[in-house]
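So the sequence lines, in the order shown, correspond to chains W and B.
Residue numbers for the first sequence, in the numbering used here: -18 to 272.
Residue numbers for the second sequence, in the numbering used here: 81 to 256.
Glycine included, each C-beta is placed from N, C-alpha and C at the ideal position.
Worksheet: one structure, shown below.
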Amino acid sequence: MYPSRFRYEAPRSLEEAIELLRLGGGEAKVLAGGQSLVPMLKLRFASPEMVVDINNIAGLDYHRVDPDGTIRIGALCRHADLENSAILHAHQPTMAAAAPVIADPIVRNRGTLVGSLCHADPQGDWASVMIALGGSIIAQGPNGRRSIPVADFVKGPFQNVLAFDELAIEAVVPAPKGVVNGGYLKLERRVGDFATVGVAIALESSSGVIIRAGIGLTGVGGTTINAIEAAKALIGGPLTAESIANAGDLAAQGAQPRTDHRGSATYKRHIVRTFVVRILDGVVESMERAA
Amino acid sequence: MTSLNEEVFPEQASDIPVRTVTITVNGEKRSANVEPRLLLAHLLRQGFKMTGTHTGCDTTNCGACTVLFDGKPIKSCTMLAVQADGHDVMTIEGLASASELHPIQEGFKDEHGLQCGFCTPGMMLTAKALLDVNPNPTEDEIRWALSGNLCRCTGYQNIVKSVLWAAVKLRGQAAN
Ligand SMILES: Cc1cc2nc3c(=O)[nH]c(=O)nc-3n(C[C@H](O)[C@H](O)[C@H](O)COP(=O)(O)OP(=O)(O)OC[C@H]3O[C@@H](n4cnc5c(N)ncnc54)[C@H](O)[C@@H]3O)c2cc1C
Ligand code: FES
Ligand code: FES
């Protein structure tokens, strides 16, 4: 199994990379962690004329939290960096919970969060996490930079809205306005499998009242599902047994699962409800501990 | 310098330029002219004739092709050889010295950590990367670290024991 022939370029700056993409005129592909692109090249699902490897561009492997609480993840920050991140453990429980359940440890040494968002796989875990968090992508092209909300970033399965000469350089999680809580739960058949179901929840609260909520669902639709109704229902009140059960029902209704080798649609809906309740019960516990 | 293109790709190369890569493999600098589409696993096996790196699934799932890339486990069937230019690669051939087994190899021997041996090179290198950063891992930590390496024979139990065995021996060596 070999990829078809392509020209390989390994630029050392963003400007150089963007110029190569421009010259490629839509026939060039960016190579980040390669954990989705290389398998696709080998299967010849992708046969670009040029591969632009961004791994030699210095200064993209960071993730950091700004003084105001904004979290920034550079295009070469690997899943493993996030799995071992003290920053996420201290500031971002939804991301901290998701990082260790992506793929397997060896894939996590290479794969990147930004590459995962660009790949736009409906089974991808980071997309639900970023949708729950209200995150965005910073893209850079020949005419400068723009910010794209992750919710608008994906056009369809494996399609994003980047122009052919744009590079995603960073993912951004906006600064929270309240106390941050949340989690990510994933059901997988074995380590390294994509999600049968994944549920990402991100909450902000003030004196026990939820002031912002986001819920993203992995693997239960043609694209990542933004469970807006379920999230909205949580806002304005404290978490109670009733509000938690209600959010679980609404999220299960918002899911669009299909019966496949990973399970029946009914089963997957059931798991969505169960995971929403489980994550929110966990949040209640951690809020009680903090109080 | 090894020249590989003909061997790995018998067809005449196209107008796409061949690239020269220089990789430090097991401490030794090696160069090769490669087509960009050549995978690292194939450069190691067909090019450098180091067949200790196995290709099992060829679909990024099994970890038999694991090598250490700048010290970290990666799947060499899922990296282009050109990407390794200027980097440090360790294969299973680099684990033992000419006369002595590495403690990880001894552990697999003593604790019966292999049957057919197909997954073993990947298992050992992933174990090495773990023990390099965590010399005293728990059984759970070993299982977690090895969860990207699949074995169809052993049921994993003896692999975990082998790594625990190696950890004890390596700690003993470090103490002396
Ligand atoms: C065995 C296995 C199991 C996996 N399991 C999971 C899983 O459980 N959950 C999950 O979410 N993912 C999983 N993945 C996918 C993995 O997370 C990939 O790392 C991820 O999807 C892509 O990130 P990458 O950096 O490897 O991107 P690449 O493979 O390098 O690129 C992917 C795509 O995005 C484009 N791209 C990448 N970076 C940029 C950029 N900065 N700007 C513009 N375009 C860009 C590329 O051109 C390409 O089209 C798995 C992969 C494997 C091989
Ligand atoms: S051969 Fe590379 S992961 Fe199986
Ligand atoms: S010993 Fe046979 S696959 Fe592991």
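Within-7 Å CB hit, residue i to chain B
i, result
"W:M(-18)", "Reliability of the predicted coordinates at W:M(-18) is poor, the pLDDT of 47 falling under 50, and the value obtained from them is presented with this limitation in mind. It does; some Cβ of chain B falls within 7 Å."
"W:R(-12)", "yes"
"W:V19", "yes"
"W:I209", "no"
"W:R254", "no"
"W:R91", "yes"
"W:S(-6)", "no"
Closer than 7 Å to chain W by CB, residue i
i, result
"B:A246", "no"
"B:R232", "no"
"B:V162", "yes"
"B:R117", "yes"
"B:S242", "no"
"B:T140", "yes"
"B:P217", "no"
"B:K129", "no"
"B:P153", "yes"
Near ligand 2: residue i beta-carbon under 6 Å from a heavy atom
i, result
"W:C58", "no"
"B:D138", "yes"
"B:G143", "yes"
Opening and closing residue of the alpha helix (DSSP H) in which residue i lies
i, result
"B:H134", "Careful: B:H134 lies outside any alpha helix (DSSP H) and carries neither H nor E."
"W:D230", "A222 to G235"
"W:I112", "D106 to L114"
"W:L261", "A246 to A271"
"B:I184", "P183 to D190"
"W:F134", "V131 to F134"
"W:H72", "A67 to H72"
"B:E204", "A small correction: the amino acid at residue 204 of chain B is Met; Glu does not occupy that position in the sequence shown. Run containing B:M204: T200 to V213, per the alpha helix (DSSP H) assignment."
"B:S179", "It is not in any alpha helix (DSSP H) - B:S179 carries neither H nor E in the DSSP assignment."
"W:K158", "Taken as a continuous stretch (DSSP letters only), W:K158 belongs to no alpha helix (DSSP H), as it is neither H nor E."
Heavy atom of ligand 3 within 6 Å of residue i beta-carbon
i, result
"B:C231", "yes"
"B:L194", "yes"
"B:C199", "yes"
Closer than 6 Å: residue i CB and nearest ligand 1 heavy atom
i, result
"W:D106", "yes"
"B:I154", "no"
"W:A61", "no"
"W:S338", "Since the first residue of chain W shown is -18 and the last is 272, residue 338 of chain W is not available in this structure."
Within chain A, partners of residue i - CB distance below 9 Å
i, result
"W:D34", "The structure shown contains no chain A; the protein chains it does contain are W and B."
Endpoints, beta strand (DSSP E) assigned at residue i
i, result
"B:N238", "Per DSSP, B:N238 belongs to no beta strand (DSSP E); it is in the alpha helix (DSSP H), Q237 to A255."
"B:P153", "K152 to K155"
Residues, ordered as in the chain, of the segment 169 to 182 of chain B that lie near chain W by beta-carbon distance below 9 Å:
Closer than 9 Å at the C-beta level to chain W, one finds no residue of the segment 169 to 182 of chain B.
Taking only beta carbons into account, state which residues of the segment 161 to 182 of chain W come closer than 8 Å to chain B, listed in chain order.
Going along the segment 161 to 182 of chain W in chain order, one finds V172 and G173 with a Cβ nearer than 8 Å to chain B.
The segment 1 to 18 of chain W touching the segment 93 to 104 of chain W, judged by at least three CB pairs closer than 8 Å:
Yes: at least three Cβ pairs fall under 8 Å.
Indicate whether the contact test is met: 3 or more Cβ pairs, each with one atom in the segment -18 to -2 of chain W and one in the segment 63 to 71 of chain W, closer than 8 Å.
No, the segment -18 to -2 of chain W does not touch the segment 63 to 71 of chain W.
Relative to chain W, which residues along the segment 91 to 105 of chain B have a C-beta separation below 7 Å, given in chain order?
Residues of the segment 91 to 105 of chain B with a Cβ closer than 7 Å to any Cβ of chain W, in chain order: S94, I96 and R99.
Give, in chain order, every residue of the segment 67 to 90 of chain W whose Cβ lies closer than 9 Å to some Cβ of chain B.
For the segment 67 to 90 of chain W, the set of positions with a beta-carbon nearer than 9 Å to some beta-carbon of chain B reads P81, A84, D85, P86, I87, V88, R89 and N90 in chain order.
Per the contact definition of three or more C-beta pairs closer than 8 Å, is the segment 139 to 157 of chain B in contact with the segment 224 to 238 of chain B?
Contact between the segment 224 to 238 of chain B and the segment 139 to 157 of chain B is present: three or more C-beta pairs spanning the two stretches fall below 8 Å.
For the structure I just gave you, are there three or more beta carbon pairs, one from the segment 76 to 92 of chain W and one from the segment 150 to 158 of chain B, closer than 8 Å?
Taking a contact to require three or more Cβ pairs closer than 8 Å, the segment 76 to 92 of chain W and the segment 150 to 158 of chain B qualify as touching.
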